[in-house]
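First comes the structure, then the notes that go with it.
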Amino acid sequence: MSYLLVFSWCLLAPVFLASAASKLRGRRAFRAFADSLRAMDLLPAPVVVLVAAAVAAAEAMVPLLLVPLPDAALTTAGFTVATALSAAFTVVVAVVLHRGGQVSCRCFGEAAAAPFGRRHLARNLVLTVAAGVGAYASLGDPGVTVRTLVLAGPLGVVGALVVVRLDDLAALFRPVTPAGDAGRRSTALRGGRPGR
């Protein structure tokens, strides 16, 4: 269980820290997040800013609660909040996808400006499961050792980087299609003649 606990710590704390920081780094960033919530058309307009503030505050609270302390109840509370948030985000993405909306969330600021897709749903499901597993693992004696930290910690951190930069990674594997002048130039560079 200690490996799961450390992996979940190292995955979720950076993810929620990055998410909260991207929303709270300035008025413009917070406004962009609130506007993305408004565009989802899931909330009454008067409560959008309040919900945006509550989400950002809850996200900021998760890494603080996940700090390894002798009191395991705080860690369990952190994982529980992370589970609830991730589950709620999963439902939101599912509803937006079901409606066919082309909405982005700004979950991680400007880096997450791509419209919702199945990868976002999968990401949130993975985070929900990791948070639930972390909550369960935190109930017992963690028995965290240096070996546990060395083996499970880096995996969690790499997972966090993948989660935070998911849209950038997905863009790397998207097919590139030449269009307009760029297409004619690429044809000329290959030694062919552009079509007329």
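Residue numbers for the sequence shown follow the working numbering, so the first one is 40 and each next one is one higher. The C-beta atom is built at its ideal place from N, Cα and C for all residues, glycine as well. These numbers come from a predicted model, not from an experiment.
Taken atom to atom, the span from the alpha-carbon of G179 to that of T216 is near 53 Å. Leaving aside the five residues that flank C146 on each side, the residues in its chain whose CB is nearer than 7 Å to its CB run, in chain order, S58.
Sorting P154, L105, A153 and L113 by C-alpha distance to the C-alpha of V54 places L105 at the top. The residue from R67, P107, G195 and L81 with its alpha-carbon nearest to that of A133 is L81.
By the Cβ rule, the stretch 150-165 counts as touching the stretch 120-138, because three or more pairs are nearer than 8 Å. Restricting attention to alpha helix (DSSP H) runs no shorter than 4 residues, the stretch 69-116 encloses them at 87-105, ordered along the chain. DSSP places T184 outside both helix and strand once states are collapsed to three, so it counts as coil. The stretch 207-215 and the stretch 58-78 do not touch, with fewer than 3 CB-CB distances between them shorter than 8 Å.
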